[in-house]
Every structure is written in structure tokens, then in C-alpha cells.
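Scroll down for the structure; my scribbles are underneath it.
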Amino acid sequence: MKRYSAMALLRAGLTGQRGWERAWRDPEPKPQYDVIVIGGGGHGLSTAYYLAKVHGVRSVAVLERGWIGGGNTGRNTTIVRSNYRQKPLHDLFDFALGLWEGMSDELNYNVMFSPRGALFLGHSDADMTQLAQRGDALRCSGIDAELMTREAVHRLVPLLDMSPDARFPIHGGLIQRRGGTARHDAVAWGYARAADALGVDVIQNCEVTGLVMAGGRVTGVETTRGTIGAGRVGICVAGNSGPVAAMAGLKLPIEAQTLQAFVTEPVKPMIDTVVMSQSLHCYISQSDKGGIVLGGDPDQFPSYAQRGLPIRLEKAVAEAIALVPALSRLRMVRCWSGTTDMSFDGSPIISALPVDGLYLNGGWCYGGFKATPGSGWCYAHLLATGESHPLAAPFSFDRFANGATIDEAGVGFMPQLR
Amino acid sequence: MMLIDCPYCGERAQAEFTYERTLDSIVGLDMPVEEVLARLFSRANPRGEDRELWRHSFGCRQWLVLRRHRRTHAIAAVDPYAPDEPE
Numbered sequence: 005m006k007r008y009s010a011m012a013l014l015r016a017g018l019t020g021q022r023g024w025e026r027a028w029r030d031p032e033p034k035p036q037y038d039v040i041v042i043g044g045g046g047h048g049l050s051t052a053y054y055l056a057k058v059h060g061v062r063s064v065a066v067l068e069r070g071w072i073g074g075g076n077t078g079r080n081t082t083i084v085r086s087n088y089r090q091k092p093l094h095d096l097f098d099f100a101l102g103l104w105e106g107m108s109d110e111l112n113y114n115v116m117f118s119p120r121g122a123l124f125l126g127h128s129d130a131d132m133t134q135l136a137q138r139g140d141a142l143r144c145s146g147i148d149a150e151l152m153t154r155e156a157v158h159r160l161v162p163l164l165d166m167s168p169d170a171r172f173p174i175h176g177g178l179i180q181r182r183g184g185t186a187r188h189d190a191v192a193w194g195y196a197r198a199a200d201a202l203g204v205d206v207i208q209n210c211e212v213t214g215l216v217m218a219g220g221r222v223t224g225v226e227t228t229r230g231t232i233g234a235g236r237v238g239i240c241v242a243g244n245s246g247p248v249a250a251m252a253g254l255k256l257p258i259e260a261q262t263l264q265a266f267v268t269e270p271v272k273p274m275i276d277t278v279v280m281s282q283s284l285h286c287y288i289s290q291s292d293k294g295g296i297v298l299g300g301d302p303d304q305f306p307s308y309a310q311r312g313l314p315i316r317l318e319k320a321v322a323e324a325i326a327l328v329p330a331l332s333r334l335r336m337v338r339c340w341s342g343t344t345d346m347s348f349d350g351s352p353i354i355s356a357l358p359v360d361g362l363y364l365n366g367g368w369c370y371g372g373f374k375a376t377p378g379s380g381w382c383y384a385h386l387l388a389t390g391e392s393h394p395l396a397a398p399f400s401f402d403r404f405a406n407g408a409t410i411d412e413a414g415v416g417f418m419p420q421l422r
Numbered sequence: 627m628m629l630i631d632c633p634y635c636g637e638r639a640q641a642e643f644t645y646e647r648t649l650d651s652i653v654g655l656d657m658p659v660e661e662v663l664a665r666l667f668s669r670a671n672p673r674g675e676d677r678e679l680w681r682h683s684f685g686c687r688q689w690l691v692l693r694r695h696r697r698t699h700a701i702a703a704v705d706p707y708a709p710d711e712p713e
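Respectively, the protein sequence lines represent chains S and F. Under my numbering, think of the first position of the first sequence as 5, with each following residue one higher. Under my numbering, think of the first position of the second sequence as 627, with each following residue one higher.
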């Protein structure tokens with residue numbers, strides 16, 4: 005792998021920037037691998053990377069139905085933060101955030117991680133109480149959290165509607181300064197390139213159509229490019245976990261839903277932090293290109309359509325404009341949808357499955373992107389050793405049956421309640 | 627926008643309806659624990675048709691059974707929910 009650097013860029017400039025090699029190979033599938041990861045999203049690719057890097061497992065294939073960066077990795081709103089409420093989520097997401105901080109160096113690929121702060125708005129006394137409680141919980145776990153007054157929020161985001169008759173009054177906020185955004189495609193490409201350099205086969209246009217079973221154990225996969233044998237098979241296809249698990253005759257505590265996002269025309273810098281309201285469920289950030297990226301609610305019924313309801317778009321836009329009236333002057337240029345793996349308690353599943361040799365990483369609801377490196381780290385540990393990583397142990401497949409659920413929202417166990 | 631043909635009210639916008647759960651995840655009071663857990667916490671989640679329990683929450687408030695395709699959103703049937711009917 006030719007290393008990327010300012011010097012290499014400068015040197016290549018003398019010859020017209022020709023002679024760059026492709027970022028990763030386009031290998032034919034081999035007949036047998038130690039580990040097959042189904043799904044070439046950020047999570048699958050980071051799993052493969054850490055399998056090779058941390059555990060020395062080099063005989064790894066990542067099988068991707070489409071192309072790298074074409075799924076949910078390229079469909080999210082790129083927000084990275086670890087300010088959850090529950091301890092197991094603190095541990096997992098903050099470990100991931102630590103990996104985000106060093107990711108560009110680690111992968112020799114600029115993922116444009118920008119810790120510009122992730123701000124939750126409080127719209128009432130009750131909101132502020134809840135944010136203070138969350139902040140306390142975060143600080144008890146050693147995670148940065150700062151409660152902000154109304155004035156401090158106004159200084160940070162001057163374009164917020166702070167007038168006395170604002171539709172959503174702002175009482176203050178809670179910020180995680182280490183949170184921010186990253187360039188989502190670059191995360192997938194960076195992991196693919198780095199994994200490839202360690203000998204991992206990243207195989208695109210290769211859809212898994214079935215599992216090969218022998219003696220009650222998964223021994224390989226059937227694909228559109230032939231049968232491939234494997235010591236262990238890891239499902240890593242959040243958004244499509246149900247149909248893949250069904251190949252092993254399993255039903256999961258997951259239901260697929262649609263979540264959409266939108267972006268406006270690019271403008272000069274106007275919002276330099278991630279502004280979120282969990283009471284409204286609206287989140288606003290500005291990409292490095294200048295577009296204002298907005299997201300809202302999922303559709304709240306099962307769907308694989310990859311197109312969202314107009315009423316969800318309308319609600320998110322109405323909320324964003326009420327919070328930042330200046331947004332009303334911008335034209336929306338694109339909206340798109342991804343399919344989210346809605347688990348029943350809102351938390352992911354990184355676990356062995358009741359079929360030998362088969363593992364699951366899924367159920368990320370609408371919060372998977374920020375976990376990409378931590379998810380891959382833990383899943384690589386599971387696929388290499390057969391044992392759960394301590395950080396991932398609470399996210400087991402059987403937690404629903406034994407009652408040890410991780411219900412972040414505290415609303416009960418139905419996927420459409422998230 | 628999906629239109630759902632409520633057997634009581636006629637065609638109405640999807641926004642008037644709420645999804646509850648799949649028909650095979652309804653739990654009976656006299657079911658054994660294992661079956662209750664399996665029904666509550668697992669879903670076939672097909673990339674195709676499933677039978678779902680919906681409610682016309684912002685209309686007649688009746689419970690309905692939809693046979694709906696989850697990729698195309700095509701609705702094959704909307705029936706009144708009859709609790710004693712076998713699945």
C-alpha cells in the first residue's frame with residue numbers, strides 16, 4: 005500500500021497526479037477463509053481490519069452485496085458522540101470515540117473527524133433536569149459533559165431563535181465537546197483500504213444467498229459468486245439482519261424501519277457545532293462542504309423501502325426552521341433514506357447466535373455510525389476468539405429472554421417506540 | 627403517502643394509523659412462557675409481505691390486520707381484527 009501523505013501528494017503533483025494505485029484490490033473469492041464477514045459497511049470493514057490488525061487473523065473476506073459505501077454507512081447524518089445514559093452504552097460508545105480520535109492516523113486515510121461539539125438542547129425545566137442527570141451519569145463514567153446556560157447556548161449557536169415567543173423555547177443545553185462529525189464514506193473507504201493492505205479480501209458485488217450447514221454448524225456461505233467456506237461467519241448487515249438470519253432459520257429481536265435525512269444547498273459556515281434536540285428529535289449540523297444536514301424521526305413501522313414518509317421530512321424541517329429561522333431561506337437539495345435495524349430495547353446486539361459458527365452484529369437502530377470503530381473492535385474479538393469482548397458482553401442475543409435489556413429511552417420493549 | 631383502506635372509514639392517509647406489531651407476535655394470556663418470549667421478542671422481519679396489526683388511531687380507532695409488502699408498501703388486504711380467529 006502506497007502511503008498517503010502531503011509529501012506523496014506534492015511529489016505526485018509533479019507528474020500530474022497520475023500513478024496512484026487503486027485503494028484496495030478487487031480479488032476473486034477464495035474457496036475457504038478463517039472468517040467471513042457478511043456486509044461491507046463501516047462495521048464489517050472495521051471488524052475485518054481489527055481481525056487482521058489486533059488478532060492476526062489474515063484469512064478474512066468481507067462480502068458486500070453492492071459497493072463499498074453504498075449502504076447505511078453513506079446514508080447517516082455522520083454524527084459521532086458518546087453521551088448516552090446507560091453504563092453499557094457509555095462504555096461501548098466512549099471506547100469507540102477514543103478510536104475515532106486516532107482513526108485518520110491509524111488508517112492513513114483522512115476521515116475528516118471533526119470534534120466540533122455535540123449539543124443537546126433543553127426546552128423546559130424538565131428537559132434541563134433530565135440533561136443534568138444525564139451529564140452527571142456521563143461524568144461518573146469519566147465522559148466529558150458540560151451543562152450550559154441559555155446564554156452560553158446562545159453564544160455558541162447565535163442563529164438559534166432565542167426570542168420570547170420562540171416556538172421551542174431554549175432553557176439551556178448539554179454539550180459533549182469531544183463529539184462531532186466525520187466524513188462517512190471516507191470511514192468505509194479508509195477501513196477497506198487498511199484492511200486490504202493487511203491481506204483481507206474485500207469482495208464487492210457478492211451477495212450472500214444462503215448458508216452452508218454441516219452437522220448443525222455453519223461452515224460457509226452460498227453467494228452469487230459461488231460457495232465459500234469459512235471457519236466462522238459474522239453477520240454484519242444492520243438494516244438487513246432479518247433476511248440474513250432467516251437463512252439460518254433464526255428470528256431476531258429486530259424490525260427494519262426507514263430513517264431519512266436531508267441536506268440543503270451549501271452555504272458559508274453558519275452552525276459550527278452539532279445541534280440536537282431529543283425532545284423534538286431533530287438534529288442539525290453543517291457539513292464541511294457547507295450543506296446543512298438534517299435528520300428526524302424514523303417512519304415507525306416496518307419498511308425496507310429506502311424512501312421515507314413526506315410527513316417525517318416535513319416535521320423535521322418545521323422543527324429545524326423553528327429552532328434556526330435562518331434555515332428557512334435555504335433550498336433543500338437532496339433527501340434520502342436508510343434502513344435501520346430497530347432492536348427491541350434500542351441497543352445493539354454483538355453476540356454469538358444459537359447456531360454454531362454464526363455470529364451477529366446488528367440492531368444498531370439509528371445510532372450505528374458513531375460506533376463504527378468500537379463495534380468492529382468488539383466484533384473482531386468475538387469472531388477471533390469465540391468469546392464476547394467485555395464491552396460487548398451486555399449486548400447479548402439472549403438479553404430479552406433473561407430480562408437484562410439496555411433500554412436507553414426507558415419506554416418499553418417495542419421497536420417502534422424508539 | 628400510503629393510503630390505507632379502512633374497512634370502516636374507507637381510504638385514509640397512513641398518518642391516521644399506527645403500527646402495533648406483527649400478527650404472529652400477539653400474546654395470549656394462557657400461553658407458556660417460552661412461547662410468550664418467542665412471540666414478544668422475535669420477528670421474521672421479512673423483506674417482503676407480512677401480516678401486521680395496525681390501529682386507525684386518529685379515525686375510528688378500530689384494530690385492523692394489514693397484509694403489506696415491506697419493500698413496495700403495497701397493501702394486499704385490510705381486514706377487521708378478529709381476536710379469536712386463528713393466525
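Ideal placement from N, C-alpha and C gives every residue a C-beta, glycine not left out. Predicted, not measured: the structure shown is a model, and the values here were computed from it.
Does residue i come out as helix, strand or coil in the three-state DSSP assignment?
i: Y287 of chain S; result: strand
i: W680 of chain F; result: strand
i: Y383 of chain S; result: helix
i: S332 of chain S; result: helix
i: Y54 of chain S; result: helix
i: F643 of chain F; result: coil
i: S108 of chain S; result: helix
i: P377 of chain S; result: helix
i: I275 of chain S; result: coil
i: S651 of chain F; result: helix
i: I315 of chain S; result: helix
i: F99 of chain S; result: helix
i: A88 of chain S; result: The residue you asked about is not Ala; residue 88 of chain S is Tyr in the sequence shown. The answer is coil: DSSP assigns Y88 of chain S none of H, G, I, E or B.
i: Q310 of chain S; result: coil
i: Q282 of chain S; result: coil
i: C144 of chain S; result: helix
i: H695 of chain F; result: strand
Does any C-beta atom of chain F lie closer than 9 Å to the C-beta of residue i?
i: G246 of chain S; result: yes
i: P306 of chain S; result: yes
i: L284 of chain S; result: no
i: A260 of chain S; result: yes
i: L317 of chain S; result: no
i: L386 of chain S; result: no
i: L313 of chain S; result: yes
i: A356 of chain S; result: no
i: A250 of chain S; result: yes
With a threshold of 16 other CB atoms inside 10 Å of the CB of residue i, please say whether the residue is buried or exposed.
i: R197 of chain S; result: buried
i: Q180 of chain S; result: buried
i: T19 of chain S; result: exposed
i: V318 of chain S; result: Per the sequence presented here, residue 318 of chain S reads as Glu, with Val not at that position. Per the 10 Å Cβ criterion, exposed.
i: A186 of chain S; result: buried
i: Q261 of chain S; result: buried
i: Q290 of chain S; result: buried
i: L655 of chain F; result: exposed
i: D200 of chain S; result: buried
i: T213 of chain S; result: exposed
i: S86 of chain S; result: buried
Just the chain S side, please: which residues come within less than 9 Å of residue i by C-beta, in chain order?
i: L663 of chain F; result: F404, A405
List the residues of chain S whose Cβ lies closer than 8 Å to the Cβ of residue i, in chain order.
i: F667 of chain F; result: P257, F348, F404, A405, F417
i: R687 of chain F; result: Ordered by position in chain S, no residue passes the 8 Å Cβ test against R687 of chain F, which lies about 17 Å from the chain.
Determine, for residue i, whether the minimum Cβ-Cβ distance to residues of chain S falls below 9 Å.
i: H699 of chain F; result: yes
i: A641 of chain F; result: yes
i: W680 of chain F; result: yes
i: P672 of chain F; result: yes
i: D676 of chain F; result: yes
i: R693 of chain F; result: no
i: R647 of chain F; result: yes
Assuming the contact rule is C-beta atoms closer than 8 Å, residue i and residue j should be a hit. Round their C-beta distance to whole Å, please.
i: G177 of chain S; j: M217 of chain S; result: About 52 Å separates the two Cβ atoms, so there is no contact after all.
i: L690 of chain F; j: C632 of chain F; result: 7 Å
i: S341 of chain S; j: L284 of chain S; result: Contact flag wrong, Cβ pair sits at about 20 Å.
i: Q208 of chain S; j: I72 of chain S; result: 6 Å
i: I353 of chain S; j: L93 of chain S; result: Wrong, their Cβ atoms sit about 13 Å apart, outside the cutoff.
i: L55 of chain S; j: L387 of chain S; result: 6 Å
i: V278 of chain S; j: I42 of chain S; result: The Cβ separation is near 31 Å, so there is no contact.
If the cut is a Cβ gap below 8 Å, which residues of chain F does residue i touch?
i: I72 of chain S; result: Here the premise fails: no neighbours, minimum Cβ distance about 22 Å.
Find the residues of chain F that neighbour residue i, judging by a C-beta separation of less than 9 Å, and give them in chain order.
i: A190 of chain S; result: Under the 9 Å cutoff, chain F gives no residues; its nearest Cβ is about 29 Å from A190 of chain S.
i: A309 of chain S; result: R696, R697, T698, H699
i: A413 of chain S; result: Chain F residues near A413 of chain S: none, gap ~17 Å exceeds 9 Å.
Is any beta-carbon of chain B found at less than 9 Å from that of residue i?
i: E318 of chain S; result: The chain inventory of the structure shown lacks chain B, comprising the protein chains S and F.
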